[in-house]
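Q: Got a structure here, written out as structure tokens. Questions coming.
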Amino acid sequence: MQSKGFIRVITVLLVLVCLFYLSFSFVTNSVENDAAASAAKFAATEAAKINKDKASDAYRNAYDSIYDRAYARNLKDVGQEKVYMWYTYNQVREKQIGLGLDLKGGMTVTLQISVADIVRSKAQNPLDAKLNEALAFASQNAGDDFVGAFCKKYEELVPGVRLAQKFITVEGVNANDNNSKVEGILREKTRTDVSRSVNLLRERIDRFGVIAPNIKEMQREGQILMELPGVKEPERVYKLIQTSARLEFYATYDARNLQSAFMALSSEYASGKGNVATAPVKEETAPDVDAAPVAETAQPEAAAAVEEAPAKAPEAAPAGKSLAEMIWSNDMMTLEGKDGKDVQVPAAQYVGGACIGVANESDTAAVNRIIRSAAAKRLLPTDLKCCWSVKGVDKKGVYFQLVALRTSNGEAALGDADMIDNASAELNQFSGSYEISMTMNNDAASKWAKLTRDNIGKQVAIVLDDQVYSFPTVNTAIEGGRSSITGNFTVEEANDLVNVLTGGGMSAGVSIVSHTEIGPSLGQQAIEAGIWSFVIALILLMIYMISFYGFAPAMVANMCLVLNLFFTLGILASFQAVLTLPGICGIVLSLGMAVDANVLIFERTKEELRAGKNVKAALADGYKNAFSAIFDSNLTSVITAIILMVYGTGLIKGFATTLLISIICSFFTAVFISRLVFEALLKKKERTYTFTTRFSRNFLTGTRVDFLGQTKKAWTVIAAITVVIIVSFFVRGINKGIDFSGGRNYVVQFDHAVKTDDITTKLMPMFPDASVSVITVDNDSRVRVSTNYKINDNSDNVDQEIMQKLYAGLKDELNGMSYDNFNVKDEHHGVVSSEMVGPSIADDMTRGAVWSVLLSLVAIALYILLRFRDFSFSMGALVSLAFTSFVIIGFYSLFWGVLPFSMEIDQQFIAAILTIIGYAINDTVVVFDRIREMVGLYPKQNRRDVINKSLNTTLTRTVMTSTTTVLVLFVIFLLGGETIRGFVFAMLFGVILGTLSTIYVATPVAYSMMRRKMAKKSK
52 MQSKGFIRVI
62 TVLLVLVCLF
72 YLSFSFVTNS
82 VENDAAASAA
92 KFAATEAAKI
102 NKDKASDAYR
112 NAYDSIYDRA
122 YARNLKDVGQ
132 EKVYMWYTYN
142 QVREKQIGLG
152 LDLKGGMTVT
162 LQISVADIVR
172 SKAQNPLDAK
182 LNEALAFASQ
192 NAGDDFVGAF
202 CKKYEELVPG
212 VRLAQKFITV
222 EGVNANDNNS
232 KVEGILREKT
242 RTDVSRSVNL
252 LRERIDRFGV
262 IAPNIKEMQR
272 EGQILMELPG
282 VKEPERVYKL
292 IQTSARLEFY
302 ATYDARNLQS
312 AFMALSSEYA
322 SGKGNVATAP
332 VKEETAPDVD
342 AAPVAETAQP
352 EAAAAVEEAP
362 AKAPEAAPAG
372 KSLAEMIWSN
382 DMMTLEGKDG
392 KDVQVPAAQY
402 VGGACIGVAN
412 ESDTAAVNRI
422 IRSAAAKRLL
432 PTDLKCCWSV
442 KGVDKKGVYF
452 QLVALRTSNG
462 EAALGDADMI
472 DNASAELNQF
482 SGSYEISMTM
492 NNDAASKWAK
502 LTRDNIGKQV
512 AIVLDDQVYS
522 FPTVNTAIEG
532 GRSSITGNFT
542 VEEANDLVNV
552 LTGGGMSAGV
562 SIVSHTEIGP
572 SLGQQAIEAG
582 IWSFVIALIL
592 LMIYMISFYG
602 FAPAMVANMC
612 LVLNLFFTLG
622 ILASFQAVLT
632 LPGICGIVLS
642 LGMAVDANVL
652 IFERTKEELR
662 AGKNVKAALA
672 DGYKNAFSAI
682 FDSNLTSVIT
692 AIILMVYGTG
702 LIKGFATTLL
712 ISIICSFFTA
722 VFISRLVFEA
732 LLKKKERTYT
742 FTTRFSRNFL
752 TGTRVDFLGQ
762 TKKAWTVIAA
772 ITVVIIVSFF
782 VRGINKGIDF
792 SGGRNYVVQF
802 DHAVKTDDIT
812 TKLMPMFPDA
822 SVSVITVDND
832 SRVRVSTNYK
842 INDNSDNVDQ
852 EIMQKLYAGL
862 KDELNGMSYD
872 NFNVKDEHHG
882 VVSSEMVGPS
892 IADDMTRGAV
902 WSVLLSLVAI
912 ALYILLRFRD
922 FSFSMGALVS
932 LAFTSFVIIG
942 FYSLFWGVLP
952 FSMEIDQQFI
962 AAILTIIGYA
972 INDTVVVFDR
982 IREMVGLYPK
992 QNRRDVINKS
1002 LNTTLTRTVM
1012 TSTTTVLVLF
1022 VIFLLGGETI
1032 RGFVFAMLFG
1042 VILGTLSTIY
1052 VATPVAYSMM
1062 RRKMAKKSK
């Protein structure tokens, strides 16, 4: 072999580099273990001061909270210390192989920044109807270029429009600029605002305390991917990232002056089934009790501003209730008194001052619908703006105040996202709760002084993102720009609010289009499943190779497998890649595929030995003759892996990255390093390797199967399968996962075995007019619930509503578990993971999946055409791959709901299809390579005989590689966990089908086209 010295140098360098980068993972693990041990000791001591009973909920809750803060503080303290050579802990952590969220727990969130809001804010007239119509169109159809789609549509709606006139206030736009230049400026400004929003989100998450978050912009304009490991309070994160930080200060109305107008509005909308309430409006706003802090997730469905928030589909008003009955009800609320005992207080007691009324959370949507109406615009003052309080006033947090704000020309008296210079959370010694103290900049401070001076004796409302946090009475003018926000905040709520205020305001609204939450207990199970599947697959592969090729040759191949694993992990570490469960499966799968190169070399060497050559010469020719097939088959797998990386997201991209690196490493170890080892062994003394054992010596040798003679029978079966699948597509369809249809998944762990039919029956009434599907996951005590209930509803509390419905439906099976414990994902029972994919991102995923499959087929067909210079081979490969993909999809159509595991068409399934395409073409390339070689050696022989001989001579390799890959996949299928079982089954079925397809589809198609071409030449 030429360049032996170069290969040795590269190998040594690779080993050293991999050792260097892998060492960071060991150092990081050591530091984090020390931090965890210290935090655990501290948390146990402090939690015992609160409650000494370690089995109590109070102790556990205190321990978890203290431990999390102590662990984060320990790592922060050691962050800048040198812990390894000249590297600090923060630098070491960045260079380790990180664990994906599916292995360590956490959450993934895909956000959509409203690019329409950004563009609208730059227009001279944001209320322009045609402009807003163009923005709405672009929001639905823009793809990756929102501004381009908007400008094109606006020019269609308003022929001859000059964009410069519409956006004359934008910096850089001049009155005489043409539309193309204005479009370019808008695009640049929009990207700047999006990038600023990404940086603001990154700052918020950093202050929140998430360790090693991954936040990046995606290809679709305004879309952001956030991967947040270790997060245990997803609700806080959702609130944190969706808050735009629009802080405003309003003068208020005296509700007594609005009572007659609201009575008139109530009468106009009265149902006629009850008398209109006439509860008096009182000046006092608080009884002599202390309201307990309320969980931050308890908010009304329409907590945003009544007039300015995007309109949501309102629920119908409760039968028989008028507006007056809803906001001036005599319901009794539960509050916590000063002595700690519960006190019953009428809801009407909280009405007064700027508070128009108090409504139950279930009535807020109906109230919104009425006070948004045309009648409300006619009967209520034009400068009135109504907003709900951010929290409920009662202990349960279900009664919310409706506050009357007075606007000035439709705006707040004072409001600017960047007017706060400083904010801090401080403990109020009298109430025992936290409040936020703020210092304004000079301009805002003078306006604040004027606002308070003009409203002495009146209430001024502090509003953040159209939610009223407080509306205190002004006793004297406030100079110096100091103010505070009160609201019975917990320390976590106060810190989150400070985080938002000091970071500045978002330039546009933010919506969550998909999210996944995985508890750490589920992550630990995934790690164990991945490790066990890997170890067992590796051992079985080694034993199989020894039993087939003999100890010495097999151990060389096995050594290459281990080196392949070492190089793969080392290179992943050098790229600071994240290891996921599909990534581990990619490594395990690559081991099975890596054997392919060794099998090709060994089978070629056996042929040379049978021809009478000695071992050294046979090995040299074996490597030489197998190289082209190995190179082609690996390159086609690389093509599919690259396409997966480009079009895949999240875990699938991790799988593709790992697979790509493993393929390259396996090529290097199998082709170059194994040859160096063999040459070193043969150099010392003469060896008599036979590359066989008693078991394999005569295995498939001398076969003379007429494969082409079986074409008619095979194609009859193929036609029948095709008809059945087409019928299945029309009758049963396919079971699209939430990746492509949109929806929510919840994995629920019970403490006893349950039946999916019983769970479905319990949940169907909870989710009316929606699909509900329940399947078993891993064992009979764990199920996955899927539903598309309210998937188009973007309201803030819809996730909480669905979780509450899920809990209510399953309550009988939970053996007394509370709702709070049911929704904690680090518990061993209840919801252990959840996932949501919105309809917009589902559409993006569907388009990406279709394009990725089509591009893979075309790319591989083009490569085969370029490599073999024969359209017959290219067409045979294309038809074979298309048929394989078609049958796999059809099989899933036929058997979803029949087999006892998920058979959904989702992102993982598409990844399986692409991987199968890359794998199946390997066998096709090997066969075609042998056909090309045989045709070159025997050009005058009957082409059918040459092709049959080629198929027979490669049969051992075909069976061997298929068997090793099936062996590995079968181990992963059994041990790899439910999250990837459907993916692995598609792979398992595809490997077998792809092998048969090479013999009975690809080769006959190529042969048929060759015959036609030869017939034309003979004429």
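To convert, note that position 954 of the sequence shown is 1005 in the working numbering; the numbers rise steadily by one, no gaps. By construction, the Cβ of each residue, glycine as well, lies at the ideal position given by its N, Cα and C atoms.
#1: Would you kindly check if the distance between the Cβ of Y600 and the Cβ of L1018 is under 8 Å?
#2: I think V799 touches T811, with their Cβ atoms under 8 Å apart; what is that distance to the nearest whole Å?
#3: Less than 8 Å between the C-beta atoms of A306 and L502, yes or no?
#4: List in chain order: all unbroken beta strand (DSSP E) runs of 3+ residues lying wholly within the stretch 830 to 884.
#5: Using CA coordinates, which residue listed in L435, L905, N848 is at the minimum distance from K290?
#6: Do the stretch 712 to 732 and the stretch 999 to 1017 meet, that is, are 3 or more Cβ pairs less than 8 Å apart?
#7: Which whole-angstrom value describes the C-beta separation of S936 and I964, a residue pair presumed to lie in contact below a C-beta threshold of 8 Å?
#8: Figure out for me which residue from V542, A187, E145, M269 has the closest Cα to the Cα of I117.
#9: Could you tell me if F626 is buried or exposed, where buried requires 16 or more neighbouring beta carbons within 10 angstroms of its beta carbon?
#10: Please state if the CB of A185 and the CB of Y205 are separated by a distance shorter than 8 Å.
#11: Closer than 7 Å by C-beta to E132: which residues in its own chain qualify, once you throw out the five before and the five after it? Chain order, please.
#12: Going along the chain, which residues of its own chain have a beta-carbon closer than 6 Å to the beta-carbon of V63, five neighbours each way excluded?
#13: Using only the alpha-carbon positions, how far apart do V976 and S907 sit?
#14: Between D980 and the rest of its own chain, which residues show a CB-CB distance below 7 Å, the 5 nearest in sequence each way excluded?
#15: Relative to the alpha-carbon of I652, which residue among K55, A495, V261, T1005 has its alpha-carbon at the smallest distance?
#16: Can you list, in chain order, the residues of its chain with a C-beta nearer than 7 Å to that of S779? Leave out the 5 residues immediately preceding and following it.
#17: Just how far apart, CA to CA, sit M696 and A707?
#18: What residue does the beta strand (DSSP E) around M277 start on, and which one ends it?
#19: DSSP has M158 in a bridge; who is on the other side?
#20: Apart from the five residues on each side of it in sequence, which residues of its chain come closer than 8 Å, Cβ to Cβ, to D10?
#21: Within 10 Å of its beta-carbon, does I939 have 16 or more other beta-carbons around it, so buried, or fewer, so exposed?
#22: Quick one: what's got a C-beta closer than 6 Å to E955's C-beta in the same chain, skipping five residues either side?
#23: Quick check on DSSP: helix, strand or coil for T975?
#24: Once DSSP output is grouped into helix, strand and coil, what is the label at Q216?
#25: Quickly, what does DSSP pair I148 with across the bridge? List them, please.
#26: Can you name the start and end residues of the alpha helix (DSSP H) that E132 belongs to?
#27: Which ranges would you report for the alpha helix (DSSP H) in the stretch 367 to 437 if only whole runs of at least 4 residues count?
#28: Just to confirm my understanding: we take I58, look at its own chain, exclude 5 residues before and 5 after, and list those with CB closer than 8 Å. What are they?
#29: For the beta strand (DSSP E) that contains Y450, what are its first and last residues?
#30: Just to confirm, are L1026 and A648 a CB contact at a threshold of 8 Å?
#31: So, using beta-carbon positions, are G1075 and T762 closer together than 8 Å?
#32: Using C-beta distances below 7 Å, list every residue in its chain close to I772, excluding the 5 sequence neighbours before and after it, in chain order.
#33: In chain order, what residues of the same chain have a beta carbon less than 8 Å from the beta carbon of A668, not counting five sequence neighbours either side?
#34: Note down the Cα distance separating Y1058 from W902, rounded to an integer number of angstroms.
#35: Could you tell me whether the stretch 468 to 477 touches the stretch 487 to 505, where touching means 3 or more Cβ pairs closer than 8 Å?
#36: Starting from S488, trace the beta strand (DSSP E) in both directions and tell me its first and last residue.
A: Reading from the atomic positions:
#1: No, they are not a contact pair.
#2: Wrong, their Cβ atoms sit about 13 Å apart, outside the cutoff.
#3: no
#4: 830 to 838
#5: With distances taken between Cα atoms, K290 lies closest to N848.
#6: no
#7: 5 Å
#8: V542
#9: exposed
#10: yes
#11: T139, Y140
#12: none
#13: 15 Å
#14: S679, A680, D683
#15: T1005
#16: Annotation for S779: G941, S944, L945 place their beta carbon closer than 7 Å to its own, counting only its chain and skipping 5 residues before and after.
#17: 5 Å
#18: 274 to 280
#19: L279, E568
#20: Residue 10 lies beyond the range of the chain shown here (52 to 1070); nothing can be said about it.
#21: buried
#22: N786, G788
#23: helix
#24: helix
#25: I148 is not bridged to any residue.
#26: Taken as a continuous stretch (DSSP letters only), E132 belongs to no alpha helix (DSSP H), as it is neither H nor E.
#27: 374 to 378, 415 to 422, 425 to 430
#28: M52, F723, I724, L727
#29: 450 to 457
#30: no
#31: A question about residue 1075 goes unanswered here, because the residues of the chain that appear run from 52 up to 1070.
#32: V938
#33: E659
#34: 30 Å
#35: The stretch 468 to 477 is in contact with the stretch 487 to 505.
#36: 485 to 491
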